[in-house]
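One structure is given here, and the rest of the page talks about it.
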Amino acid sequence: MATMPFLCQPKSFLWPEHVSHQVTPSDIFKYRHVPPAATFFWRLAVTVYFIVWFFMGFDLAPSALYFCFLTNWGWTLSLAYFAFATVHNWYVWREEMGERRIGSEGDSALLLEQSQARLRLHKTITLLFEIALPLEIVIASLFWLVVWPVLHEEHILDHGFPLYINLNLHAVGLGLLAIEFLQHQIPFFSRHLIVSLLLGAVYCPINAGATFLTGKPLYPVLTWQDWNSAILVVVAFLAQTVFHFLCQGIRLTCCRRRTAIEPSMASQLPLHQPASLVAEPASGEETSASDHEGRGVTVAVKAGA
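See below:
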(Lines of atoms letter the chains of each structure in order from A and count residues from 1; the text may use other names and numbers.)
(Lines give C-alpha, C1' and ligand atoms only; values in the text may rest on other atoms or scores of the structure.)
Protein backbone atom coordinates (compact mmCIF):
# COMPACT_ATOMS: atom_id res chain seq x y z
CA MET A 1 0.00 0.00 0.00
CA ALA A 2 3.06 2.25 -0.02
CA THR A 3 2.19 3.37 -3.55
CA MET A 4 -1.25 4.65 -2.57
CA PRO A 5 -0.15 8.21 -1.64
CA PHE A 6 1.53 8.49 -5.05
CA LEU A 7 -1.55 7.13 -6.82
CA CYS A 8 -3.74 9.67 -5.02
CA GLN A 9 -1.80 12.80 -5.99
CA PRO A 10 -4.11 15.69 -6.97
CA LYS A 11 -4.41 16.81 -10.60
CA SER A 12 -2.69 13.65 -11.86
CA PHE A 13 -3.82 11.38 -14.70
CA LEU A 14 -5.71 9.20 -12.23
CA TRP A 15 -7.26 12.11 -10.38
CA PRO A 16 -8.12 15.08 -12.60
CA GLU A 17 -10.31 17.72 -11.02
CA HIS A 18 -13.64 16.34 -12.25
CA VAL A 19 -12.80 12.86 -10.93
CA SER A 20 -11.63 14.17 -7.56
CA HIS A 21 -14.82 16.19 -7.28
CA GLN A 22 -16.95 13.03 -7.52
CA VAL A 23 -15.26 11.37 -4.53
CA THR A 24 -15.23 14.47 -2.31
CA PRO A 25 -18.62 13.98 -0.56
CA SER A 26 -18.59 11.64 2.43
CA ASP A 27 -22.10 10.42 1.65
CA ILE A 28 -20.94 8.12 -1.16
CA PHE A 29 -19.09 5.94 1.38
CA LYS A 30 -22.04 5.59 3.76
CA TYR A 31 -24.46 2.69 3.97
CA ARG A 32 -27.97 3.56 2.86
CA HIS A 33 -30.60 3.50 5.63
CA VAL A 34 -27.98 2.35 8.18
CA PRO A 35 -26.70 4.59 11.02
CA PRO A 36 -22.98 5.45 10.84
CA ALA A 37 -22.40 3.82 14.23
CA ALA A 38 -23.83 0.49 13.06
CA THR A 39 -21.84 0.70 9.82
CA PHE A 40 -18.67 1.43 11.77
CA PHE A 41 -18.99 -1.63 14.01
CA TRP A 42 -19.91 -3.83 11.04
CA ARG A 43 -16.89 -2.71 9.02
CA LEU A 44 -14.67 -3.03 12.08
CA ALA A 45 -15.83 -6.63 12.58
CA VAL A 46 -15.21 -7.41 8.90
CA THR A 47 -11.73 -5.85 9.11
CA VAL A 48 -10.87 -8.02 12.11
CA TYR A 49 -12.18 -11.05 10.22
CA PHE A 50 -9.92 -10.27 7.26
CA ILE A 51 -6.93 -9.72 9.55
CA VAL A 52 -7.43 -13.07 11.29
CA TRP A 53 -7.61 -14.96 8.01
CA PHE A 54 -4.71 -12.94 6.62
CA PHE A 55 -2.39 -14.32 9.30
CA MET A 56 -3.96 -17.77 9.17
CA GLY A 57 -2.91 -17.85 5.53
CA PHE A 58 0.73 -18.11 6.57
CA ASP A 59 -0.08 -21.48 8.15
CA LEU A 60 -1.67 -22.75 4.94
CA ALA A 61 1.34 -22.10 2.72
CA PRO A 62 5.07 -21.35 3.13
CA SER A 63 5.56 -17.76 4.28
CA ALA A 64 7.97 -17.03 1.44
CA LEU A 65 5.29 -17.94 -1.10
CA TYR A 66 2.40 -16.10 0.56
CA PHE A 67 2.21 -13.27 -1.96
CA CYS A 68 2.85 -15.59 -4.87
CA PHE A 69 -0.81 -16.62 -4.72
CA LEU A 70 -3.29 -14.30 -6.41
CA THR A 71 -5.88 -15.18 -3.77
CA ASN A 72 -3.73 -13.53 -1.12
CA TRP A 73 -3.36 -10.40 -3.26
CA GLY A 74 -7.13 -10.08 -3.45
CA TRP A 75 -7.49 -10.77 0.27
CA THR A 76 -4.88 -8.12 1.16
CA LEU A 77 -6.50 -5.49 -1.06
CA SER A 78 -9.91 -6.26 0.45
CA LEU A 79 -8.44 -6.00 3.94
CA ALA A 80 -6.89 -2.63 3.10
CA TYR A 81 -10.20 -1.37 1.72
CA PHE A 82 -12.18 -2.36 4.80
CA ALA A 83 -9.52 -0.93 7.13
CA PHE A 84 -9.55 2.48 5.43
CA ALA A 85 -13.35 2.43 5.15
CA THR A 86 -13.57 1.74 8.88
CA VAL A 87 -11.31 4.70 9.64
CA HIS A 88 -13.51 6.90 7.44
CA ASN A 89 -16.62 5.61 9.20
CA TRP A 90 -15.10 6.54 12.54
CA TYR A 91 -14.59 10.12 11.37
CA VAL A 92 -18.14 10.36 10.03
CA TRP A 93 -19.62 8.95 13.22
CA ARG A 94 -17.64 11.35 15.40
CA GLU A 95 -18.62 14.29 13.21
CA GLU A 96 -22.31 13.49 13.43
CA MET A 97 -22.07 13.12 17.19
CA GLY A 98 -20.28 16.47 17.32
CA GLU A 99 -22.99 18.15 15.24
CA ARG A 100 -25.65 16.85 17.62
CA ARG A 101 -23.78 18.23 20.61
CA ILE A 102 -22.82 21.68 19.34
CA GLY A 103 -25.46 22.14 16.64
CA SER A 104 -25.03 24.79 13.99
CA GLU A 105 -22.37 26.66 15.94
CA GLY A 106 -19.71 24.04 15.21
CA ASP A 107 -17.75 24.07 11.97
CA SER A 108 -15.25 21.29 12.69
CA ALA A 109 -17.09 18.82 10.44
CA LEU A 110 -17.04 21.26 7.53
CA LEU A 111 -13.33 21.97 7.98
CA LEU A 112 -12.50 18.28 8.15
CA GLU A 113 -14.65 17.55 5.10
CA GLN A 114 -12.68 20.07 3.05
CA SER A 115 -9.25 19.04 4.27
CA GLN A 116 -6.75 17.48 1.91
CA ALA A 117 -6.22 14.59 4.30
CA ARG A 118 -9.87 13.63 4.01
CA LEU A 119 -9.79 13.85 0.22
CA ARG A 120 -6.72 11.57 0.09
CA LEU A 121 -8.57 9.10 2.29
CA HIS A 122 -11.56 9.22 -0.06
CA LYS A 123 -9.31 8.59 -3.07
CA THR A 124 -7.56 5.69 -1.36
CA ILE A 125 -10.84 3.99 -0.42
CA THR A 126 -12.24 4.49 -3.91
CA LEU A 127 -9.18 3.13 -5.69
CA LEU A 128 -8.90 0.12 -3.39
CA PHE A 129 -12.53 -0.79 -3.94
CA GLU A 130 -12.25 -0.35 -7.71
CA ILE A 131 -9.38 -2.85 -7.71
CA ALA A 132 -10.58 -5.28 -5.04
CA LEU A 133 -14.15 -6.01 -6.18
CA PRO A 134 -13.42 -6.91 -9.85
CA LEU A 135 -10.29 -8.80 -8.77
CA GLU A 136 -12.23 -10.88 -6.25
CA ILE A 137 -14.80 -11.68 -8.94
CA VAL A 138 -11.98 -12.83 -11.25
CA ILE A 139 -10.33 -14.88 -8.51
CA ALA A 140 -13.57 -16.59 -7.49
CA SER A 141 -14.56 -17.29 -11.10
CA LEU A 142 -11.20 -18.76 -12.11
CA PHE A 143 -10.89 -20.81 -8.95
CA TRP A 144 -14.29 -22.47 -9.02
CA LEU A 145 -14.45 -22.89 -12.81
CA VAL A 146 -10.83 -23.77 -13.61
CA VAL A 147 -8.71 -24.58 -10.55
CA TRP A 148 -11.22 -26.35 -8.30
CA PRO A 149 -12.11 -29.16 -10.76
CA VAL A 150 -8.41 -30.03 -11.14
CA LEU A 151 -7.76 -29.95 -7.39
CA HIS A 152 -10.82 -32.06 -6.73
CA GLU A 153 -9.90 -34.59 -9.40
CA GLU A 154 -6.33 -34.97 -8.15
CA HIS A 155 -7.44 -35.12 -4.48
CA ILE A 156 -5.13 -32.25 -3.58
CA LEU A 157 -7.89 -30.90 -1.33
CA ASP A 158 -7.25 -33.66 1.19
CA HIS A 159 -3.90 -32.12 2.16
CA GLY A 160 -4.68 -28.99 4.16
CA PHE A 161 -7.22 -27.24 1.93
CA PRO A 162 -10.69 -28.54 2.82
CA LEU A 163 -13.81 -27.09 1.28
CA TYR A 164 -14.59 -24.62 4.08
CA ILE A 165 -11.22 -22.91 3.66
CA ASN A 166 -11.69 -22.53 -0.07
CA LEU A 167 -15.21 -21.22 0.45
CA ASN A 168 -13.87 -18.60 2.84
CA LEU A 169 -10.99 -17.51 0.60
CA HIS A 170 -12.87 -17.62 -2.69
CA ALA A 171 -16.46 -16.74 -1.78
CA VAL A 172 -16.89 -15.03 1.60
CA GLY A 173 -14.56 -12.14 0.79
CA LEU A 174 -16.37 -11.52 -2.48
CA GLY A 175 -19.72 -11.64 -0.70
CA LEU A 176 -18.63 -8.99 1.80
CA LEU A 177 -17.45 -6.71 -1.00
CA ALA A 178 -20.73 -7.27 -2.83
CA ILE A 179 -22.61 -6.04 0.25
CA GLU A 180 -20.48 -2.90 0.15
CA PHE A 181 -21.26 -2.38 -3.52
CA LEU A 182 -24.99 -2.65 -2.88
CA GLN A 183 -24.94 -0.30 0.10
CA HIS A 184 -22.60 2.59 -0.73
CA GLN A 185 -22.22 4.74 -3.86
CA ILE A 186 -18.48 4.61 -4.57
CA PRO A 187 -18.08 5.33 -8.31
CA PHE A 188 -15.94 3.41 -10.80
CA PHE A 189 -13.73 5.27 -13.29
CA SER A 190 -12.41 3.94 -16.60
CA ARG A 191 -8.96 5.46 -16.08
CA HIS A 192 -8.46 3.55 -12.84
CA LEU A 193 -8.56 0.21 -14.67
CA ILE A 194 -4.93 0.82 -15.58
CA VAL A 195 -3.94 0.35 -11.93
CA SER A 196 -5.59 -3.07 -11.82
CA LEU A 197 -3.88 -4.14 -15.04
CA LEU A 198 -0.51 -2.91 -13.79
CA LEU A 199 -0.93 -4.96 -10.62
CA GLY A 200 -1.68 -7.97 -12.79
CA ALA A 201 1.46 -7.30 -14.82
CA VAL A 202 3.48 -7.23 -11.59
CA TYR A 203 1.91 -10.43 -10.28
CA CYS A 204 2.60 -12.56 -13.37
CA PRO A 205 6.43 -12.61 -13.09
CA ILE A 206 6.13 -13.22 -9.35
CA ASN A 207 4.00 -16.31 -9.92
CA ALA A 208 6.21 -17.49 -12.78
CA GLY A 209 9.38 -16.97 -10.74
CA ALA A 210 7.99 -18.96 -7.80
CA THR A 211 6.92 -21.74 -10.16
CA PHE A 212 10.37 -22.11 -11.71
CA LEU A 213 12.26 -21.73 -8.41
CA THR A 214 10.22 -24.38 -6.61
CA GLY A 215 9.89 -26.61 -9.65
CA LYS A 216 6.17 -26.94 -8.99
CA PRO A 217 3.30 -24.75 -10.25
CA LEU A 218 1.43 -22.86 -7.55
CA TYR A 219 -1.76 -23.52 -9.49
CA PRO A 220 -1.89 -26.82 -11.42
CA VAL A 221 -3.43 -25.06 -14.43
CA LEU A 222 -0.71 -22.37 -14.57
CA THR A 223 2.60 -24.04 -15.42
CA TRP A 224 4.04 -21.24 -17.63
CA GLN A 225 5.23 -23.93 -20.04
CA ASP A 226 2.28 -24.35 -22.40
CA TRP A 227 -0.26 -22.36 -24.37
CA ASN A 228 -2.96 -23.08 -21.82
CA SER A 229 -1.08 -20.91 -19.32
CA ALA A 230 -0.87 -18.04 -21.80
CA ILE A 231 -4.57 -18.33 -22.60
CA LEU A 232 -5.44 -18.36 -18.89
CA VAL A 233 -3.43 -15.17 -18.28
CA VAL A 234 -5.10 -13.38 -21.20
CA VAL A 235 -8.54 -14.50 -19.99
CA ALA A 236 -7.75 -13.18 -16.49
CA PHE A 237 -6.77 -9.74 -17.84
CA LEU A 238 -9.85 -9.61 -20.05
CA ALA A 239 -12.09 -10.68 -17.17
CA GLN A 240 -10.66 -7.96 -14.92
CA THR A 241 -11.43 -5.41 -17.63
CA VAL A 242 -14.95 -6.70 -18.25
CA PHE A 243 -15.88 -6.82 -14.57
CA HIS A 244 -14.48 -3.33 -13.97
CA PHE A 245 -16.64 -1.85 -16.72
CA LEU A 246 -19.60 -3.96 -15.61
CA CYS A 247 -19.38 -2.51 -12.10
CA GLN A 248 -19.00 0.95 -13.61
CA GLY A 249 -22.06 0.47 -15.80
CA ILE A 250 -24.20 -0.76 -12.91
CA ARG A 251 -23.14 2.19 -10.78
CA LEU A 252 -23.88 4.72 -13.54
CA THR A 253 -27.29 3.16 -14.19
CA CYS A 254 -28.21 3.36 -10.51
CA CYS A 255 -27.09 7.00 -10.33
CA ARG A 256 -29.17 7.91 -13.38
CA ARG A 257 -32.24 6.23 -11.97
CA ARG A 258 -31.76 8.04 -8.68
CA THR A 259 -31.34 11.35 -10.50
CA ALA A 260 -34.50 10.71 -12.51
CA ILE A 261 -36.50 9.94 -9.37
CA GLU A 262 -35.49 13.10 -7.50
CA PRO A 263 -37.21 15.62 -9.86
CA SER A 264 -40.42 13.58 -9.78
CA MET A 265 -40.35 13.70 -5.99
CA ALA A 266 -39.85 17.47 -6.09
CA SER A 267 -42.79 17.99 -8.47
CA GLN A 268 -45.13 16.28 -6.01
CA LEU A 269 -44.35 18.74 -3.20
CA PRO A 270 -46.68 21.72 -2.60
CA LEU A 271 -45.39 25.17 -3.35
CA HIS A 272 -45.91 26.32 0.23
CA GLN A 273 -43.46 24.36 2.38
CA PRO A 274 -43.74 24.04 6.16
CA ALA A 275 -41.97 26.73 8.11
CA SER A 276 -39.42 24.19 9.34
CA LEU A 277 -38.25 23.49 5.77
CA VAL A 278 -38.29 27.00 4.32
CA ALA A 279 -35.87 29.60 5.65
CA GLU A 280 -37.44 32.90 6.61
CA PRO A 281 -36.25 35.88 4.53
CA ALA A 282 -34.19 38.53 6.20
CA SER A 283 -35.93 41.70 7.34
CA GLY A 284 -36.73 43.98 4.44
CA GLU A 285 -36.06 41.21 1.90
CA GLU A 286 -38.79 40.19 -0.49
CA THR A 287 -39.33 36.55 -1.42
CA SER A 288 -40.98 35.57 -4.68
CA ALA A 289 -43.06 32.47 -5.34
CA SER A 290 -40.28 31.09 -7.52
CA ASP A 291 -37.89 31.36 -4.57
CA HIS A 292 -40.20 29.24 -2.45
CA GLU A 293 -40.50 26.69 -5.24
CA GLY A 294 -36.73 26.53 -5.68
CA ARG A 295 -36.27 25.90 -1.99
CA GLY A 296 -38.83 23.12 -2.15
CA VAL A 297 -36.93 21.43 -4.97
CA THR A 298 -33.68 21.71 -3.02
CA VAL A 299 -35.24 20.09 0.02
CA ALA A 300 -36.62 17.27 -2.13
CA VAL A 301 -33.26 16.59 -3.74
CA LYS A 302 -31.57 16.41 -0.37
CA ALA A 303 -34.22 14.08 0.92
CA GLY A 304 -33.85 11.73 -2.03
CA ALA A 305 -30.04 11.70 -2.00
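Here full-length UniProt numbering is used: position 250 in the sequence shown is 250, and no number is missing along the way. By construction, the Cβ of each residue, glycine as well, lies at the ideal position given by its N, Cα and C atoms.
If you draw a straight line from the Cα of C255 to the Cα of A37, it comes to about 25 Å.
Under the three-state reduction of DSSP, V46 is assigned to helix. R43 is classed as buried because its beta carbon has at least 16 other beta carbons within 10 Å across all chains shown. Annotation: the continuous alpha helix (DSSP H) that includes A117 extends over Q116 to L142. Between L199 and L70, the alpha-carbon positions lie close to 11 Å from each other. Judged by DSSP in its simplified three-state form, C8 adopts coil rather than helix or strand. Taking S229 as the centre and dropping the five residues before and after it, the same chain places the C-beta of L222 and T223 closer than 7 Å to its C-beta, in chain order.
DSSP, reduced to helix, strand and coil, places D226 outside both helices and strands of the structure shown, so it counts as coil. Boundaries of the alpha helix (DSSP H) around A201: L193 to T214.
N72 and T126 have their C-alpha atoms roughly 20 Å apart.
P35 and F41 have their C-alpha atoms spaced approximately 10 Å apart. When C-alpha distances from F84 are compared across A64, F50, A140 and L60, the shortest belongs to F50.
Note on F13: under 16 other CB atoms within 10 angstroms of its CB, so exposed under the neighbour-count rule. Taking all protein chains in view, the Cβ of I231 is surrounded by fewer than 16 other Cβ atoms within 10 Å, so the residue is classified as exposed. If only uninterrupted alpha helix (DSSP H) runs of at least 4 residues are considered, those enclosed by the region 13 to 83 are 17 to 22 and 36 to 60. Taking the Cα of L135 as reference, the smallest distance to any Cα among R257, H18, R251 and V235 is reached at V235. Going by beta carbons, F55 and Y66 fall outside the 7 Å limit. CA-to-CA, the gap between W15 and C8 works out to about 7 Å.
Contact between V46 and L151 is absent: CB atoms are separated by about 27 Å, not below the 8 Å threshold.
Contact annotation: T211 and P217 have beta-carbon atoms nearer than 7 Å. In the structure shown, V221 adopts coil according to DSSP, grouped into three states. Straight across, the Cα-Cα distance linking T76 with T124 is about 14 Å. Between L197 and Q240 the beta-carbon gap is near 7 Å, inside 8 Å, which marks them as a contact.
When the five nearest sequence neighbours on each side are left out, the beta carbons in the same chain lying within less than 7 Å of the beta carbon of N89 are those of P36, T39, F40 and R43, in order along the chain. With respect to the 7 Å criterion, F129 and Y81 are classified as neighbours on the basis of their beta carbons. Short of 7 Å from the beta carbon of A208, and not among the five residues preceding or following it, lie these beta carbons of its own chain, in chain order: W224.
In the three-state reduction of the DSSP assignment, I179 falls in the helix class. Secondary structure of Q185 (DSSP, three-state): coil.
Rounded to whole angstroms, P187 and L163 show a C-alpha spacing of 34 Å.
Under the three-state reduction of DSSP output, F161 falls in the coil class, being neither helix nor strand. For L151, the enclosing alpha helix (DSSP H) stretches over residues W148 to E153.
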